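See structure below.
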Amino acid sequence: GNSVTQMEGPVTLSEEAFLTINCTYTATGYPSLFWYVQYPGEGLQLLLKATKADDKGSNKGFEATYRKETTSFHLEKGSVQVSDSAVYFCALRDSSYKLIFGSGTRLLVRP
Amino acid sequence: EAGVAQSPRYKIIEKRQSVAFWCNPISGHATLYWYQQILGQGPKLLIQFQNNGVVDDSQLPKDRFSAERLKGVDSTLKIQPAKLEDSAVYLCASSLDSGRGTGELFFGEGSRLTVL
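Protein chains in written order, with the working numbering: chain A, 47 to 157; chain B, 6 to 121.
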């Protein structure tokens, strides 16, 4: 079945460090891919998305590229801030338009 | 613009008791979702409503879980009787389209259930 696998956390970085959170997926067809973020005390919110191969989604300095050949959608940011501390969820939308989430990766950025 | 409202935020019950969660989606959003998020796992869809009709409830344990969305606005999720494995955060989300459009869902803060 369709599934999403994320790297386990927590990921702990110093401010201004480079961030990569790995995400790979298994799906039939060509799913749309998403990153959602959950800041402390808030609900999940959409961070970025990509709908077809080689698309790059970007928002708030974060980027992720839809790689069909490696079935990946890794999240990157060149310089993280303390305010980026949150839980990040990778997700795919399958052929029945259902969102399937990964288990989430907690990011902690220290000053 | 008001976000998705959920209540209660926290609930502790004994196994075999019942519990109900309430959700009020963003005004004008036709589609409403209930997700279950067990600790250490990603959210899992329980049920999806389009207006007041059920679109997908394939992963809803219907022997103990029920949900309704009267008048196509707010919704209630009920668990009766609760089991230990029902301990989780129950997330409500809404979207403007049916999920076939942008795919963007707006989530509430969730209701954390602990079953003892």
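Glycine is no exception: its CB is placed at the ideal position from the N, C-alpha and C atoms. Model, not experiment: these values are computed from the prediction.
Can you tell which of the options has its C-alpha closest to the C-alpha of residue i?
| i | options | result |
| --- | --- | --- |
| glutamine 22/B | Cys97/B, Ala7/B, Asp91/B, Ser99/B | Asp91/B |
| phenylalanine 112/B | Lys114/A, Phe147/A, Gly89/A, Pro56/A | Gly89/A |
| alanine 96/A | Thr119/B, Glu109/B, Leu118/B | Glu109/B |
| phenylalanine 119/A | Glu61/A, Glu54/A, Gly55/A, Thr66/A | Thr66/A |
| serine 141/A | Gln91/A, Tyr76/A, Ser49/A, Pro157/A | Tyr76/A |
| aspartate 130/A | Ala99/A, Met53/A, Glu62/A, Ala73/A | Glu62/A |
| threonine 116/A | Gly124/A, Val57/A, Ala99/A, Gln91/A | Ala99/A |
| glutamine 11/B | Gln55/B, Ile18/B, Thr81/B, Ile17/B | Thr81/B |
| isoleucine 52/B | Arg74/B, Gly45/B, Gln46/B, His34/B | Arg74/B |
| isoleucine 17/B | Leu101/B, Cys97/B, Lys88/B, Trp39/B | Lys88/B |
| alanine 73/A | Gly47/A, Glu122/A, Ser125/A | Gly47/A |
Is it buried or exposed, residue i, if we count other Cβ atoms within 10 angstroms and call 16 or more buried?
| i | result |
| --- | --- |
| valine 24/B | buried |
| valine 155/A | buried |
| lysine 106/A | exposed |
| phenylalanine 64/A | exposed |
| threonine 151/A | buried |
| threonine 36/B | buried |
| glycine 158/A | Outside the shown range of chain A, which is 47 to 157, sits residue 158/A, and nothing can be said about it. |
| glycine 106/B | exposed |
| glutamate 114/B | buried |
| alanine 72/B | buried |
If you check the beta carbons only, do residue i and residue j fall under 8 Å apart?
| i | j | result |
| --- | --- | --- |
| alanine 137/A | phenylalanine 80/A | yes |
| proline 86/B | arginine 69/B | yes |
| valine 50/A | tyrosine 71/A | yes |
| isoleucine 31/B | serine 116/B | no |
Helix, strand or coil: how does DSSP classify residue i here?
| i | result |
| --- | --- |
| glutamate 73/B | strand |
| serine 129/A | helix |
| leucine 133/B | In the structure as shown, chain B begins at 6 and stops at 121. Residue 133/B is therefore absent and cannot be evaluated. |
| lysine 16/B | strand |
| isoleucine 43/B | coil |
| glutamate 114/B | coil |
| tyrosine 112/A | coil |
| glutamate 54/A | coil |
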